[in-house]
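Trainee:
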Amino acid sequence: MLANKAGAFSLAEAYSLRAEQEERLGHRYTLWSLGLGVMTVSVIALVAILTLKEHTSVTTAAQRAAFGIPLALLAAYVNRLASAYRNQAWKLRHLELQLRTLNPFLAGLEDVAGNPSWRTWPFASSQGTREWYRTVRTMAGGQSRSTLSNCSLS
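Position one of the sequence shown corresponds to residue 153 (the working numbering), numbered consecutively onward.
Put into structure tokens, the structure is as follows:
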């Protein structure tokens, strides 16, 4: 049991470290995406201002504005990358939480080889089954087996 606890704790720590790395990468790519987005808007605004000052044709303005399209696509790609890293970090944090909360659920289990407590379960013997049935009948007010299935829990 002690080995299970240590193993779960160690594995949870590994997931935690990996999640921190993923979160840092996600944050870094988010900042890069925002920077590229600002740069894209700046370039398109600069092209629009220059186009209005020079009184050029619409085709020339469109050609100049097309320079911002690759920047916008790059910003979208980096944003998608940041989203993937944040999603992976969330999954790793979820696994870490599951591993850290596993020990309280395992605490009730005992070593079967050292102390076979599983034999005390009510259905391990016919006597345990009879005792369980008597308890159920007492709780149901002494009703017979056929009426037990008709009992409502309201």
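In this text, a Cβ means the ideal position worked out from N, Cα and C, and glycines have one as well. Here the structure is a predicted model, which means the values were calculated and not measured.
Quick one: Cα of Leu254 to Cα of Leu186, how far?
Mentor: 39 Å
Trainee: Taking three-plus beta-carbon pairs below 8 Å as touching, is the region 166-184 in contact with the region 205-219?
Mentor: no
Trainee: What is the residue span of the alpha helix (DSSP H) that Ala214 lies within?
Mentor: In the DSSP annotation of this structure, the continuous segment of the alpha helix (DSSP H) that includes Ala214 starts and ends at Val210 to Ala217.
Trainee: Pop quiz: Thr182 and Ala234 are said to be a contact at Cβ under 8 Å. What is the actual Cβ separation, rounded to whole angstroms?
Mentor: 4 Å
Trainee: Indicate the three-state DSSP secondary structure (helix, strand or coil) for Thr253 in the structure shown.
Mentor: coil
Trainee: Determine whether the beta carbon atoms of Leu251 and Ala164 lie at a separation below 8 Å.
Mentor: yes
Trainee: Whole angstroms are fine: how far does the CA of Val199 sit from the CA of Lys205?
Mentor: 10 Å
Trainee: Measure the alpha-carbon distance for Gly189 versus Tyr229 and round it to whole angstroms.
Mentor: Here the alpha carbons of Tyr229 and Gly189 stand approximately 11 Å from one another.
Trainee: Could you round the C-beta distance between Gly178 and Ala241 to whole angstroms and report it? I think they count as a contact, below 8 Å.
Mentor: 6 Å
Trainee: Report the three-state DSSP secondary structure of His207 (helix, strand or coil).
Mentor: The three-state reading of DSSP puts His207 in coil, since its state is none of H, G, I, E or B.
Trainee: Could you tell me if Ala119 is buried or exposed, where buried requires 16 or more neighbouring beta carbons within 10 angstroms of its beta carbon?
Mentor: Nothing can be reported for residue 119: it is not among the residues displayed for the chain, which extend from 153 to 306.
Trainee: Do Leu244 and Arg170 count as a contact pair if the criterion is CB distance below 8 Å?
Mentor: yes
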